[in-house]
Amino acid sequence: MNVCMDWFLLLQTVSAIVLSVIGVLGLIFRKRLGKRKLCLLCLVLLVGIGYNGYRIYDCLWWKRHLAMEAELQFVGDQKIRPEDYPEDFEEICNVVEKHYKLAKRKGIALETLREECRQEVLRAKNNTEYVRVLQKYFAALKNLHSFPMYAPYQAPASAEWRCDSLYVTGSLLALPVRAGDRILSIDGKEASVWRDSMMQYVSASTDKARYKSTASWVFSSYTDSIRRLGLSRGDSVLFVDVPLSRDGKKQVQLHHEVGDQKRQKRDAATHEKKEIRKGKSNLEMLALHDFEESTLTRFLLQFCKARDSRHIILDLTDNTGGWVADAELIAALFLEKPYQGKHLIEPLPQAYKGELYVMINSGTCSAAEYLASILKESGRAVLIGEETAGDFGTMVLTFRTAHGTYFRLGAELPQLTSGGNPTEGVGLVPDDPVKEHFSEPFRETIRRRTIVLILNQVIQKKKKELFLQNT
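Its first residue numbered 2, the sequence shown is counted upward by one per residue in the numbering used here.
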């Protein structure tokens with residue numbers, strides 16, 4: 002922010018100096034120019050400098066909010082008094098009503114929404130109650146990229162909805178939950194009732210994505226520090242308390258880093274064996290579950306080792322996205338011809354030439370969804386899984402209020418893809434839809450289906466070759 006404003010002030014200062022110099026010269030040579038010409042010259046210069054300043058400021062404003070990094074804080078740590086909630090909320094509403102262009106398209110009356118939530122803001126007695134109103138307000142915008150920004154209390158575990166039931170899919174450290182546990186109740190509410198109550202607080206661009214996304218809040222919360230869960234495990238029903246801690250996210254990241262190191266060693270050993278065999282691999286699986294720098298580095302290393310294989314499965318399930326430039330870089334590794342996305346994407350010389358299959362689900366969103374869209378529209382890949390989250394076209398801006406509330410907003414109307422498909426409000430439809438099964442994680446179901454599809458295609462190809470040989 003400071004850098005942008007410094008540039009603006011510098012340019013405006015230079016413009017003022019130029020105007021002053023021309024004004025002085027005009028006074029010196031006023032007899033030659035005449036008063037009318039001198040006044041007209043000064044007026045033209047003044048208008049030009051004002052217009053130029055407006056354009057510069059507008060450009061810097063967009064750059065500032067596109068690049069702004071939020072200083073995430075826990076809800077209880079924010080220094081804001083209850084009497085300041087209405088003023089803070091009004092500032093947020095003013096920004097949303099000015100820049101949220103999707104409201105009309107989605108049939109949202111922003112003024113009505115402001116008034117409804119303002120009454121709840123007036124009743125809020127603490128930060129927890131106020132932030133819940135903010136979550137409800139932003140969820141009503143029906144956009145994945147529009148939400149208040151706070152540091153979450155979190156437990157190193159995960160859950161997902163399968164066949165209208167909620168299951169634990171992963172658990173780290175010494176938590177009292179295990180992968181495979183069915184969650185019957187949350188904080189005294191039946192799982193489905195809890196889900197329905199949570200949907201009014203979850204930001205999403207489609208109803209299905211909103212429903213699915215509630216699972217990510219089982220072990221995460223802006224306001225709660227403990228979850229009381231009722232579990233079904235085998236023939237037993239048990240109730241456990243799961244703490245949501247301030248360092249839960251760090252624990253998850255640390256676990257992923259350790260896992261990454263183990264995978265790198267395992268991949269290196271597998272690659273050495275292939276080098277010894279000197280054979281061409283039939284199938285490689287590349288997972289890209291986020292766009293963090295360490296993940297991208299590992300992915301590129303894996304790609305270099307897998308690019309000679311006949312088939313590659315690219316796993317984009319539950320990838321919540323990242324920078325557009327990173328998505329376009331990955332796309333360039335697989336494209337066969339140029340594709341006009343947000344920018345023109347040229348295939349890289351070392352691009353993969355074999356068969357490509359991409360795994361997607363409702364958790365595939367933002368830049369990951371954009372990547373899947375590129376690979377589908379270019380005809381480069383077969384998409385397998387379920388419909389994606391439905392938002393990779395909005396311009397995401399970050400704001401900070403005078404009272405220190407950070408929030409993001411999907412501003413400006415999203416454009417269509419080069420193939421004429423929407424980029425917000427409708428998810429990508431897979432070429433081969435997969436139905437979830439209650440007995441295993443959905444990602445595993447999609448993976449098995451993808452492998453079966455590849456095997457069937459290989460068998461059909463072999464049959465065709467044998468037929469041609471015998472005719």
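Note that beta-carbon positions come from the ideal geometry of N, C-alpha and C, so glycine has one too. Keep in mind the model is a prediction, meaning the values are calculated, not measured.
Looking only at Leu398, Pro415, Ile455 and Pro350, the smallest Cα-Cα distance to Tyr407 is reached by Leu398. Secondary structure at Met360: strand, using DSSP grouped into helix, strand and coil.
Per DSSP, Thr113 is one residue of the alpha helix (DSSP H) stretching across Leu111 to Arg124. A Cβ-Cβ distance of about 7 Å is found for the pair Leu429 and Leu384, placing them in contact under the 8 Å criterion. In this structure Ile460 is exposed. Its beta-carbon is surrounded by fewer than 16 other beta-carbon atoms within 10 angstroms. Separation of the CB atoms of Tyr353 and Ile313 is rounded to 6 Å, and the pair is thereby assigned contact status at 8 Å. Using a Cβ distance threshold of 8 Å, Gly342 and Ile375 count as a contacting pair. Just measuring C-alpha positions, the residue of Lys250, Ile187 and Thr215 sitting nearest Ser233 is Ile187.
Within the DSSP bridge table, the entry for Pro434 names Gly386 as partners.
In the displayed model, Phe240 falls within a strand according to three-state DSSP. Annotation: the continuous alpha helix (DSSP H) that includes Trp195 extends over Ala192 to Met199.
Per DSSP, the continuous beta strand (DSSP E) segment holding Arg183 begins and ends at Arg183 to Ile187. Distance from the Cα of Tyr151 is smallest, within the candidate group Lys143, Tyr131, Pro157 and Leu142, for Tyr131.
In the assembly as shown, Asn127 is an exposed residue. Its beta-carbon has fewer than 16 other beta-carbons within 10 Å. Every alpha helix (DSSP H) stretch that sits fully inside the stretch 293 to 377 and reaches 4 residues is listed by chain position as 294 to 307 and 325 to 333. One alpha carbon belongs to Pro423, the other to Pro415, and they sit about 8 Å apart.
Assignment of Tyr131 by DSSP, reduced to helix, strand and coil, places it in the helix class.
Counting only the Cα atoms, Ser221 lies some 23 Å from Thr296.
Residues of the same chain with a CB within less than 6 Å of the CB of Trp195, apart from the 5 flanking positions on each side, are Ile187 in chain order. Judged by DSSP in its simplified three-state form, Ala156 adopts coil rather than helix or strand. Proximity of the stretch 196 to 210 to the stretch 171 to 179 falls short of the contact definition, fewer than three beta-carbon pairs being nearer than 8 Å. Rounded to the nearest whole angstrom, the CA to CA distance from Ile452 to Ala369 is 21 Å. By the CB criterion at 8 Å, Gly411 and Leu103 fall inside the cutoff.
In this structure, DSSP gives Pro415 a state outside helix and strand, which the three-state scheme calls coil. Taking Thr418 as reference, the option from Gly391, Asn144 and Leu111 with the minimal CA-CA separation is Gly391. Scanning its chain for C-beta atoms nearer than 8 Å, with the 5 sequence neighbours on each side dropped, one finds around Gly77 the residues Asn128 and Thr129, in chain order. Gln155 and Gly249 do touch by the CB rule: their CB atoms are close to 3 Å apart, below 8 Å.
In this structure, Thr207 places its C-beta atom within 8 Å of the C-beta atom of Gly426.
When DSSP states are grouped into helix, strand and coil, Tyr168 belongs to the strand group. Unbroken alpha helix (DSSP H) stretches of 4 residues or longer found wholly inside the stretch 206 to 232: 208 to 214, given in chain order.
Remark: C-beta atoms of Met360 and Leu287 do not approach each other more closely than 8 Å.
Cβ atoms of Thr395 and Glu413 come within 8 Å of each other, at about 7 Å. Residue state for Leu245 is assigned as coil, using DSSP reduced to three classes. Take the alpha-carbon of Glu84 and the one of Glu116: they are about 17 Å apart.
One Cα belongs to Leu330, the other to Pro348, and the distance between them is close to 9 Å.
Comparing alpha carbon positions, the residue from Lys338, Gly364, Ala158 and Glu293 closest to Leu317 is Gly364.
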